[in-house]
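Following: one structure in structure tokens, then a few remarks.
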Amino acid sequence: MKDNTAVISEINGLLGSKTRKAYVRSFGCQLNVSDGEKIQGLLKKMGYSFTEDEQEADLIILNTCAVRENAEDRVFGIVGSMKKLKELKPSLMIGIAGCMTAQSHVAEKIKKSYPQVDFVVGTSALSALPRLILDTLKGAPFEADITEYDDFSEAAEQVRSSSFKASVPIMFGCNNFCTYCIVPYVRGRERSRRPVDIVAEVRQLVNDGYKEIMLLGQNVNSYGKDLGGEMSFPQLLRELNGIEGDFWIRFMSSHPKDASRELIDAIFECEKVAKHLHLPVQSGSTEVLARMNRRYTVEDYLTIVENIRSRDPDFSLTTDLIVGFPDETDEDFHATLDIVKKVKYDNIYSFIYSKRSGTKAAEMPDRTSEEEKGRRMRELLEVQREISTEHYKRFIGRNMRVLVDDVSKKKSGWLTGKSSEFIIVEFEGDSSLIGQFVDVEITGSMNWAVTGKITEGNTDK
Ligand code: SAM
Ligand code: SF4
Ligand code: F3S
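Take any residue in the sequence shown, note its place counting from 1, add 1, and you have its number in my numbering.
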């Protein structure tokens with residue numbers, strides 16, 4: 002990583018003992034949230050503390066997502082509304098980071114239409130942030146640095162938002178070029194972190210008391226392919242499983258084309274690996290999957306599911322689905338409903354297709370109306386609601402180990418957490434249990450969660 006010591010000390014010299022507050026907001030996936038925590042790590046070195054209230058901030062950084070149009074529109078709306086803030090406080094600095102900045106037309110639009118923005122910092126240029134802040138403090142005009150320094154993946158300090166759940170990126174970028182997706186264009190090619198660095202980071206986190214480690218990558222199953230065979234993802238899981246301590250390992254996302262038998266073996270054989278798999282299918286039509294360049298058929302996907310369910314018929318699966326991919330027919334959509342009914346997911350994350358300029362799908366004819374896409378989405382959600390309602394009943398009478406997340410927003414005196422299966426569990430309990438594992442006997446179910454009571458004497462408090 003770039004040595005920023007001199008720049009940071011110049012900033013500290015300029016600002017002296019003045020208090021300085023930063024508001025950092027991340028959009029999009031957990032990899033981007035993790036970048037946001039690294040941005041905060043850098044800002045902390047520059048003497049910044051953090052606020053959730055943009056009104057009291059001296060520096061605002063919006064860490065953006067480009068995956069769908071509505072994510073971009075939201076950011077433009079927020080940046081627009083910041084014009085007022087800047088008028089009230091001219092010393093306020095505003096910076097834009099994240100995936101939107103990697104699209105040249107977006108950087109141009111920001112420069113042209115949003116004079117309240119002081120700088121743009123690209124996803125591979127985070128280490129340039131101190132210099133951009135220093136230049137702004139010295140009165141430099143708008144600057145954009147979207148150079149691919151690509152030197153931020155190691156040794157970056159993070160300000161972690163949780164004291165018991167930590168995400169650990171194991172790789173960056175994506176090589177898959179699904180035809181609808183902007184990520185490979187804005188995040189570049191796959192780069193895996195070295196296993197020794199990942200193991201050291203996880204060991205440190207466990208020593209610091211973290212109870213859940215979420216390994217992140219756009220396709221964790223291709224982890225290590227660029228490391229010359231040093232280590233595959235299932236091997237990494239086994240290595241991390243060997244670290245002493247009471248903690249869970251989760252990971253996302255897993256591309257079905259690379260979900261191997263070794264991966265499934267590792268999930269079942271490693272006691273610390275959570276018993277849940279997020280396996281994005283995107284569509285239930287092999288025809289649509291081919292046009293999406295997903296490189297598996299519905300049959301291939303169902304073979305993986307069968308392999309898992311033959312070992313544990315109740316195994317928890319979740320997925321991502323796109324509704325209204327260009328020229329998706331009614332028949333294609335019904336094939337998606339069929340796979341959802343067949344697999345019985347515990348949860349689905351479904352999105353209406355959003356055209357991303359520069360991707361292959363953006364060039365495909367699309368004759369389905371937005372109204373029809375909306376109708377399909379509502380039907381899909383209704384089908385899944387019925388499935389979850391029925392499917393969650395299988396947990397009644399079971400004991401589930403739960404990591405307590407927070408107090409419940411639904412019921413006072415209750416807590417909310419997630420089981421190893423990634424199911425929301427709600428139960429009565431004291432807030433001192435937040436961040437701890439508890440055993441809960443499940444007594445009821447809804448379509449979004451199960452409810453229960455803590456088993457006596459079984460908490461790790
Ligand atoms: N790499 C992950 C994978 O392949 O499963 C997904 C990452 S992407 C950030 C998360 C989800 O966003 C995808 O699984 C897909 O369902 C959805 N998505 C991506 N591009 C989209 C688009 N143009 N329109 C709608 N949904 C999209
Ligand atoms: Fe996008 Fe496909 Fe890469 Fe996932 S695997 S980030 S959907 S291109
Ligand atoms: Fe969005 Fe970038 Fe993630 S486009 S989903 S923030 S990798």
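Even glycine gets a Cβ: it sits at the ideal position worked out from N, Cα and C.
Return the CA-CA distance between residue i and residue j, expressed in angstroms with no decimal places.
| i | j | result |
| --- | --- | --- |
| D146 | G445 | 53 Å |
| I435 | L290 | 42 Å |
| E391 | N448 | 8 Å |
| S420 | M401 | 6 Å |
| F316 | A450 | 16 Å |
| Y24 | E288 | 45 Å |
| I455 | Q437 | 12 Å |
| M253 | K112 | 35 Å |
| D339 | K212 | 37 Å |
| K462 | A201 | Because K462 sits at a pLDDT of 43, beneath the cut-off of 50, its placement in the model cannot be relied upon, and the point is left open. |
| A72 | S82 | 16 Å |
| G96 | L127 | 12 Å |
| V169 | L89 | 39 Å |
| Y181 | M365 | 10 Å |
| D431 | V207 | 24 Å |
| F28 | V34 | 7 Å |
| Y186 | R368 | 26 Å |
| T452 | I443 | 6 Å |
| E373 | S355 | 14 Å |
| D54 | L382 | 34 Å |
| D4 | N242 | 34 Å |
| R295 | N177 | 8 Å |
| M1 | S50 | In the structure displayed, the chain extends from 2 to 462; residue 1 sits before or after that span and is not available. |
| P142 | G189 | 28 Å |
| G325 | I353 | 6 Å |
Considering Cα atoms alone, identify which of the options is closest to residue i.
| i | options | result |
| --- | --- | --- |
| G42 | V160, T124, R239, V80 | V160 |
| K273 | R296, T52, G246 | G246 |
| L32 | V80, T6, L216, C179 | L216 |
| D136 | E149, S125, T148, V121 | V121 |
| H1 | V299, I79, D119, D347 | Nothing can be reported for residue 1: it is not among the residues displayed for the chain, which extend from 2 to 462. |
| T124 | G37, G230, F178 | G37 |
| A275 | S261, I183, I250, A267 | I250 |
| A1 | T304, F352, G230, Y150 | For residue 1 there is no data in the structure shown, the boundaries of the chain being 2 and 462. |
| R132 | T102, A7, V184 | A7 |
| V282 | C271, D301, I265, D321 | D321 |
| F1 | S50, S114, M172 | In this structure the chain extends from 2 to 462, so residue 1 is not present and cannot be described. |
| E380 | V344, S351, N242 | S351 |
| I265 | L241, T360, K19, N308 | N308 |
| K411 | E429, N222, I397 | E429 |
| D331 | E300, R377, T360, D313 | R377 |
| I349 | M232, L318, C30 | L318 |
| S162 | S233, I40, K394 | I40 |
Confirm, please, whether the CB-CB distance from residue j to residue i is below 9 Å.
| i | j | result |
| --- | --- | --- |
| A336 | M293 | no |
| L138 | L44 | no |
| V341 | G285 | yes |
| P327 | Y297 | no |
| Q56 | S358 | no |
| V118 | A67 | no |
| L63 | A98 | yes |
| T52 | T102 | no |
| I199 | I171 | yes |
| I271 | N220 | Going by the sequence as given, residue 271 is Cys instead of Ile. Not in contact: C271 and N220 (Cβ atoms no closer than 9 Å). |
| V403 | V441 | yes |
| F173 | G218 | yes |
| G1 | F165 | The first residue shown for the chain is 2 and the last is 462, placing residue 1 beyond what the model contains. |
| I244 | V203 | yes |
Hey, quick one: how far does the beta strand (DSSP E) through residue i stretch, first residue to last?
| i | result |
| --- | --- |
| R251 | 249-253 |
| A23 | 22-27 |
| S125 | From DSSP, S125 is part of no beta strand (DSSP E); its letter is neither H nor E. |
| R402 | 400-408 |
| N220 | Taken as a continuous stretch (DSSP letters only), N220 belongs to no beta strand (DSSP E), as it is neither H nor E. |
| V324 | 317-324 |
Looking at the unbroken alpha helix (DSSP H) that takes in residue i, where does it start and where does it end?
| i | result |
| --- | --- |
| F438 | Element bounds for F438: not the alpha helix (DSSP H) but the beta strand (DSSP E), 438-446. |
| L93 | Note, L93: premise wrong, no alpha helix (DSSP H); not H, not E. |
| F352 | First-last for F352: 348-353, but that is the beta strand (DSSP E), not the alpha helix (DSSP H). |
| M378 | 371-392 |
| I111 | 105-114 |
| I171 | No alpha helix (DSSP H) contains I171, which DSSP labels as neither H nor E. |
| K529 | This structure does not reach residue 529, given that the chain is present from 2 up to 462, and the question cannot be answered. |
| H335 | 331-344 |
Would you call the segment 424-433 and the segment 368-387 in contact, with 3 or more CB pairs under 8 Å? Contact between the segment 424-433 and the segment 368-387 is absent, because fewer than three Cβ pairs lie under 8 Å.
Under 8 Å: do the segment 221-228 and the segment 184-202 share three or more Cβ pairs, one atom per stretch? Counting C-beta pairs with one atom in each stretch, the segment 221-228 and the segment 184-202 have three or more that are closer than 8 Å, which means they touch.
Under 8 Å, with one C-beta from each stretch per pair, do the segment 407-414 and the segment 236-245 reach the 3-pair mark? Verdict: no, contact absent.
Could you please go through the chain and list the residues whose beta-carbon is closer than 6 Å to any non-hydrogen atom of ligand 5? Although ligand 5 was asked about, the structure shown includes only ligand 1, ligand 2 and ligand 3 as ligands.
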